[in-house]
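Chains as they are written, first to last, in our numbering: chain A, 1 to 114; chain B, 115 to 268.
Now the structure itself:
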């Protein structure tokens, strides 16, 4: 997993409109720039640009549908992005374990002095 | 699907007063976060967190602003915003420790929010600290020593 790919992935998913698009694509199964822009407060052109970013990050895949492209979410890639946030959670788990052990050691030492 | 925040809840066999000190005092933050910092626990106070990789000498830094202090119930702060910026919703991650007395001990509720607003770049930044997150095994003996020394000095 190269860091360059990860940067793309993170910034692709870092934008609220793009996350909303992913939510819609997940809910509907698939969508085009037209169907997505109908459900979002942004223009079709803006949606198209966001789709390019998501496509480049591998978060969506497309297939021709008439004059448009029909997009669906690449769930494996999305899972990878979610796993990265989970790894942040794992870091907090380690810190919280340290907080627990430290506080309990202080408490025990206090009680031993009584 | 919500992946904009991290939430945890755990029980600690120590009083809320002790847990509050551990989460909010710079000398303890040094132990559980490996971060050098110095600040007065007062809302609005700004400081920084600094991590130094002992092997490479590489230094990571993040600004830090105390948000709420209500001993021994609540401590919160913001971090991971740009140098020179003022911490606010949208440019930083908000960490909240909420302490609830439970039996002889404390329920610690942890929450980190702001990923959604801030963008996931913050999480990527956080992930790079992972390289510096020293092993539990290395830190634990040091922690226990510090805790004994601190308790003895009371």
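Glycine included, each C-beta is placed from N, C-alpha and C at the ideal position.
Taking a Cβ-Cβ threshold of 9 angstroms, the residues of chain A close to residue 122/B are 89, 92, 93, 96, in chain order. Counting only Cβ-Cβ distances below 8 angstroms, residue 104/A has contacts in chain B at 126, 127, 128, in chain order. Among the CB atoms of chain A, one or more fall inside 7 angstroms of the CB of residue 132/B.
Counting along the chain, residue 211/B sits inside the beta strand (DSSP E) bounded by residues 207-216. Between residue 100/A and residue 126/B, the C-beta gap is smaller than 7 angstroms, which places the two residues in contact.
Judged by DSSP secondary structure, residue 52/A falls within the alpha helix (DSSP H) whose first and last residues are 44-56. The C-beta distance from residue 180/B to residue 203/B rounds to 15 angstroms, too long to meet the 8 angstroms contact threshold. Chain B has no Cβ within less than 7 angstroms of the Cβ of residue 75/A. Secondary structure note for residue 155/B: it is in no alpha helix (DSSP H), with a DSSP letter that is neither H nor E.
Contact of residue 165/B with chain A is not assigned, every C-beta pair being separated by 7 angstroms or more. With a cut-off of 8 angstroms on Cβ pairs, the segment 59-66 of chain A is not in contact with the segment 184-191 of chain B, counting fewer than three such pairs.
In the three-state DSSP reduction, residue 177/B falls in the strand class (E or B). A contact is defined here as three or more CB-CB pairs under 8 angstroms, and the segment 12-19 of chain A meets this definition with respect to the segment 47-56 of chain A. Counting every other CB atom within 10 Å of its CB across the protein chains shown gives residue 177/B a total of 16 or more, marking it as buried.
When the alpha-carbon of residue 33/A is set against those of 19/A, 50/A, 26/A, the nearest one is in 50/A.
Listed along chain A, the residues sitting closer than 8 angstroms to residue 145/B by beta-carbon distance are 98, 102.
For residue 214/B, the closest Cβ of chain A is not nearer than 7 angstroms. Proximity of chain A to residue 226/B at the Cβ level (cut-off 7 angstroms) is accounted for by 92, in chain order. Contact between residue 20/A and residue 40/A holds: their C-beta atoms lie close to 6 angstroms from each other, under 8 angstroms. Listed along chain A are 99, each with a C-beta nearer than 7 angstroms to that of residue 137/B. Among the residues facing chain B, residue 68/A is not included, as its CB has no counterpart in that chain under 7 angstroms away.
Under the 10 Å beta carbon count, residue 76/A is surrounded by fewer than 16 other beta carbons and is classified as exposed.
Residue range 68-73 is occupied by the beta strand (DSSP E) that includes residue 70/A.
Judged by DSSP in its simplified three-state form, residue 163/B adopts strand. Judged by beta-carbon spacing, residue 224/B lies within the 7 angstroms limit of residue 122/B, meaning their Cβ atoms are closer than that value.
Just so you know, the alpha carbons of residue 157/B and residue 135/B end up roughly 16 angstroms apart. If the five residues before and after residue 26/A are omitted, its C-beta is found closer than 6 angstroms to the C-beta atoms of 73, all from its own chain and listed in chain order.
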